[in-house]
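Quick note: the sequence shown uses the working numbering, first residue 19, plus one each step. As structure tokens, the structure follows; a few thoughts come after it.
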Amino acid sequence: MRFYADCGFGIIDETTGPQDHITCELKFMSMMCVKESEGWKESFEEALKWLHRERKFLKEHILQWVPQFLKIVEKENDGFYSIIAKLTHKWVEMDFEYIKDVLHFPKEVSL
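Spelled out as structure tokens, the structure:
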């Protein structure tokens, strides 16, 4: 909740209960992505601020438990939930790598 508040958000989804539920954390990531998108229209620095927050949240929260959780979902289910878990797992890892790459991109280069 502190991370949400530090980014200017409160409760992400009242219907899920605990705000560290996977749906809340992924929804929060999507909300930060919207802020990043708006930031690109404002300034390079504003977009970078949101990218840094996204990376930090992925590293300190989502990547701490979501990959292991999704592996269990993949293993224990077949069909729809297994496929969704596999896609989500891959997305989380790829998003982290993408953000790292963007943040290491030379600032002088116009995006």
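Beta carbons are placed, not taken as given, at the ideal position from N, Cα and C, and that holds for glycine. As the structure is a prediction and not an experimental result, all values here were calculated from the model.
Once DSSP output is grouped into helix, strand and coil, what is the label at residue i?
i	result
M19	coil
H122	coil
D96	coil
H39	coil
F27	coil
E32	helix
With the cut-off set at 8 Å, would you say residue i and residue j are in Cβ contact?
i	j	result
I80	E32	no
L76	V110	yes
K45	I30	yes
C25	R71	yes
Short of 6 Å in beta carbon distance, which residues of its chain neighbour residue i, apart from the five on each side in sequence? Order them along the chain.
i	result
T34	T41 and C42
S55	none
Please check if any C-beta of chain C sits within less than 8 Å of the C-beta of residue i.
i	result
Q86	Protein chains in the displayed structure number just one, and chain C is not present.
Given residue i, which residues of its chain have a CB within under 7 Å of its CB, disregarding the five upstream and five downstream residues?
i	result
M49	F27
L88	A103, T106 and H107
L69	E54, I117, V120 and L121
Y99	V91
Identify, in the order they occur along the chain, each residue of the same chain with its Cβ nearer than 8 Å to the Cβ of residue i, setting aside the five sequence neighbours on each side.
i	result
P85	H107, V110 and E111
Practice task
Please go through the stretch 41-89 and give each complete alpha helix (DSSP H) segment of 4 or more residues, from N-terminal end onward.
Solution key: DSSP runs (the alpha helix (DSSP H)) wholly in the stretch 41-89: 62-75.
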